[in-house]
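**Q** Starting off with a structure, shown below.
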Amino acid sequence: MKILIVDDSRFTQLTTAKLLKNQIGDVEIFFANDGEEGFKKYKEFNPDYVFVDLLMPNVSGQQLIKLIKEYDKDSNIFVISADVQKNVREEIESYGVIQFINKPFTDEKVKLVTKIIKGDTYA
Amino acid sequence: MHEKDLTYDILKEIFNIGVGKAANMLSEIVGKKIILDIPNITILESKEDDEEIYKHFSALPQGALMVSSMKFGEKITGEANLLFPANKMRIFINLCIGQPEYMNEEDLNFTDMDFDIIREVGNIILNSIIGEIGNTLDISLKYTLPEVRLFNKSKFEIGLKDKEEFCILLLYISFIIDDVKIEGAVIINLTIDSLNELMKMTKDIEDDLYG
Chain A
2 MKILIVDDSR FTQLTTAKLL KNQIGDVEIF FANDGEEGFK KYKEFNPDYV FVDLLMPNVS
62 GQQLIKLIKE YDKDSNIFVI SADVQKNVRE EIESYGVIQF INKPFTDEKV KLVTKIIKGD
122 TYA
Chain B
184 MHEKDLTYDI LKEIFNIGVG KAANMLSEIV GKKIILDIPN ITILESKEDD EEIYKHFSAL
244 PQGALMVSSM KFGEKITGEA NLLFPANKMR IFINLCIGQP EYMNEEDLNF TDMDFDIIRE
304 VGNIILNSII GEIGNTLDIS LKYTLPEVRL FNKSKFEIGL KDKEEFCILL LYISFIIDDV
364 KIEGAVIINL TIDSLNELMK MTKDIEDDLY G
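So the sequence lines, in the order shown, correspond to chains A and B.
So the first sequence is numbered by this note's numbering: it starts at 2 and just counts up by one.
So the second sequence is numbered by this note's numbering: it starts at 184 and just counts up by one.
Here it is in C-alpha cells:
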C-alpha cells in the first residue's frame with residue numbers, strides 16, 4: 002500500500018507516518034511539504050491514500066484536494082487539520098474526502114483510519 | 184465592560200471552551216494528563232494609560248519567551264499570539280518527542296525541529312481557541328501560516344505598545360503537565376472594528392438568551 006502525507010510540519014509528517022506504520026505494517030510512505038509538491042507526488046506515485054493538512058504554503062490543502070479530485074475522482078483523501086471550525090469541516094467534507102480528522106493524530110484516530118482503510122481493502 | 188456583565192461572562196465562556204479543547208489536544212500530543220487553570224480575560228485598549236497597560240503586562244512570564252503567532256480574518260481580523268517561557272518549552276518539546284530527559288531545560292539552542300514542533304503545537308492551540316470563536320459566532324475565519332519567534336519579554340511589550348491603536352484580549356493561562364507548572368498567555372490583537380464586531384456578536388447572544 003502506498004500513502005502520501007502532505008503537511009508542512011516535519012514533526013507531524015513523522016508522527017503520522019509512525020502511527021500509520023505501527024497500525025498498517027506493510028506500507029510505503031511518501032512525504033510532501035505543501036500542496037504544490039503534494040500534487041506533483043500524487044501524479045508521480047499514484048498513492049492509495051493521501052493525508053492532507055489544510056493550512057500550508059504555496060498551494061493550500063483545500064486547493065490540493067480540488068486538484069487531486071479533478072485529476073482522479075476516485076482518490077482517497079483523509080484530511081488532518083488543526084482547524085476546528087464547523088463551517089470549514091462542512092466545506093471540506095463536501096469535496097468528497099473520506100474523513101476530516103482534527104489534529105493531533107493519535108493512536109485512537111489512527112485505529113479509526115485503519116478500520117476504514119481495511120474495510121476498503123477487504124470490501 | 185465590567186467583569187460582572189453577562190457579555191463579559193459569555194466572552195469568557197467562549198474562550199474557556201477553546202482553551203479547554205486546546206488543553207485536551209495538548210494532552211493527546213504528549214500522552215499526559217493536563218491540569219488547567221481557567222483563564223480570566225482582560226481587554227486592553229490603546230486609550231488606557233501606560234500604567235494600567237504595564238500593570239497587566241507585568242504578570243507575563245519573565246525572560247526569553249517563545250511566541251507562536253497566527254493572523255486571522257475576515258469578519259473579525261487580528262493576530263493571536265501564544266506566549267510561553269522558552270525554558271518551559273524545552274520541557275514540552277522533550278515530552279512531545281517522547282524523551283523527557285532529551286535536553287536540559289536551560290538549553291535554549293532550539294533546532295529547526297524544535298521550532299517545527301512549537302509551530303505545530305501553537306497552530307493546534309491557537310486554532311482551537313480562535314476556531315471556537317468562529318463556531319460560537321457562526322463565522323468562518325481564514326488563517327495565515329503560523330510563525331514562531333523567540334523574544335525578550337521587554338521587546339515583546341514594546342512591540343505591542345508601539346502600535347498607534349490597539350485592542351488586546353489578554354488571557355493568562357497556566358497548566359500543570361508531568362508535575363511541571365507552565366504559565367503563559369494568549370494575546371489577541373484586534374482591530375478596533377473587530378473588537379466592536381466581536382462585542383456586538385457577543386451582545387446578540389446575550390439578547391437571544393432573553394429573547
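C-beta: ideal position from N, C-alpha, C; glycine also.
Excluding five sequence neighbours on each side, which residues of the same chain lie with their C-beta closer than 8 Å to the C-beta of residue 190 (chain B)?
**A** So the list reads 184, 382, 385, 386, 389, once near-sequence residues are dropped.
**Q** Is residue 113 (chain A) helix, strand or coil by DSSP?
**A** DSSP places residue 113 (chain A) in helix when its eight states are reduced to three.
**Q** Step through the CB atoms of chain A and report whether any lies within less than 8 Å of the CB of residue 384 (chain B).
**A** It does not; no Cβ of chain A falls within 8 Å.
**Q** According to DSSP, is residue 245 (chain B) helix, strand or coil?
**A** If DSSP states are grouped into helix, strand and coil, residue 245 (chain B) belongs with coil.
**Q** Using a C-beta to C-beta distance shorter than 8 Å, which residues of chain B count as neighbours of residue 84 (chain A)?
**A** Going along chain B in sequence order, the residues near residue 84 (chain A) (Cβ under 8 Å) are 310, 314, 326.
**Q** Considering just the uninterrupted stretch of the beta strand (DSSP E) at residue 205 (chain B), what are its terminal residues?
**A** Careful: residue 205 (chain B) lies outside any beta strand (DSSP E), inside the alpha helix (DSSP H) at 189-213.
**Q** Check whether the Cβ of residue 306 (chain B) lies closer than 8 Å to any Cβ atom in chain A.
**A** Yes, residue 306 (chain B) counts as interfacial toward chain A.
**Q** Run through chain A and tell me which residues come within less than 8 Å of residue 272 (chain B), C-beta to C-beta.
**A** Ordered by position in chain A, no residue passes the 8 Å Cβ test against residue 272 (chain B), which lies about 14 Å from the chain.
**Q** Given 8 Å as the limit, is there contact between the stretch 215-229 of chain B and the stretch 245-259 of chain B, that is, 3 or more CB pairs closer than that?
**A** Verdict: no, contact absent.
**Q** Pull the bridge partners of residue 331 (chain B) from the DSSP assignment, please.
**A** B:251.
**Q** For a contact defined as C-beta to C-beta under 8 Å, what are the partners of residue 387 (chain B) on chain A?
**A** Ordered by position in chain A, no residue passes the 8 Å Cβ test against residue 387 (chain B), which lies about 18 Å from the chain.
**Q** Suppose you measure from the CA of residue 379 (chain B) to the CA of residue 210 (chain B); what does that come to, to the nearest Å?
**A** Rounded to whole angstroms, residue 379 (chain B) to residue 210 (chain B) spans 34 Å at the Cα level.
**Q** Out of B:250, B:311, B:199, B:217, state which residue places its alpha-carbon closest to the alpha-carbon of residue 269 (chain B).
**A** Answer by Cα proximity: B:250.
**Q** Give me the subset of the stretch 202-213 of chain B whose CB atoms are less than 9 Å from a CB atom of chain A, sorted by chain position.
**A** Result list: 204, 208, 209, 211, 212.
**Q** Can you tell me the Cα-Cα spacing of residue 360 (chain B) and residue 86 (chain A), whole angstroms?
**A** Rounded to the nearest angstrom, the two C-alpha atoms are 27 Å apart.
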